[in-house]
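Here's the structure we're looking at; comments come further down.
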């Protein structure tokens, strides 16, 4: 049996052990944590279709015509945003119950679904054409992605599974999966790919799963 010099030390040890047990209960085993990677990839990939950031990437590709620098700039900006969201998610994990974390994920899904119901116009590129493709894509994407539904989804998934790294990697992969076609097609994206149908279908899925999770978190189902 562990011996402690003071009652305060014993209480601190008990609290730390209880917190570790709580984290194991909520997060599950290592294979289960891979759900964070898959969930973030699917959520981010669907959320980006038809979103302002995908249309922005297509507009940048049409202007500069240099796929590789644009993709690198977008990847760097998306990685920073995913890391911020993932780190924020694990910060709140310790202070929320499993029910609260489930409700947080439900709210993120409902927000993404509601936002996806409305068409987005191609954003105006405020950076002049003299700026290089990499710098322009990084700056524009970094600004446009702040407070975006993809960032909220990444934050909630990282919090739910207590895994910043896997949630961030999954979100980054999802963003790039939607950005590559936009860069390759440029201003032909909307004409070649049924962007509207994909956006509305993704929105319906987000709303459906958001409602199910919300009802589950509120113990109504």
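Residue numbers (our numbering): 375 to 595. The beta carbon of each residue, even a glycine, is placed where N, CA and C say it ideally should be. These numbers were taken from a predicted model, which means no experiment stands behind them.
{"query": "Span of the alpha helix (DSSP H) around residue 471", "result": "No alpha helix (DSSP H) contains residue 471, which DSSP labels as neither H nor E."}
{"query": "Beta-carbon contacts of residue 409 that lie in its chain and below 7 Å, excluding the five residues immediately before and after", "result": "535"}
{"query": "Proximity winner among 420, 434 and 411, relative to residue 556 (alpha-carbon distances)", "result": "434"}
{"query": "Inter-residue spacing [alpha-carbon to alpha-carbon] between residue 347 and residue 483", "result": "Only positions 375 to 595 of the chain appear in the structure, and residue 347 is not among them; the question remains open."}
{"query": "Option nearest residue 437 by Cα separation, candidates 541, 558 and 487", "result": "558"}
{"query": "Contacting residues, own chain, Cβ-Cβ under 6 Å from residue 477 (five flanking each side not counted)", "result": "591"}
{"query": "Simplified DSSP assignment, three categories, for residue 399", "result": "The predicted model places residue 399 with a pLDDT of 41, which falls under 50 and marks its position as unreliable, so this point remains unresolved."}
{"query": "Cβ distance (whole Å) where residue 486 is taken to contact residue 580 below 8 Å", "result": "4 Å"}
{"query": "Where residue 564 sits in the DSSP three-state scheme", "result": "helix"}
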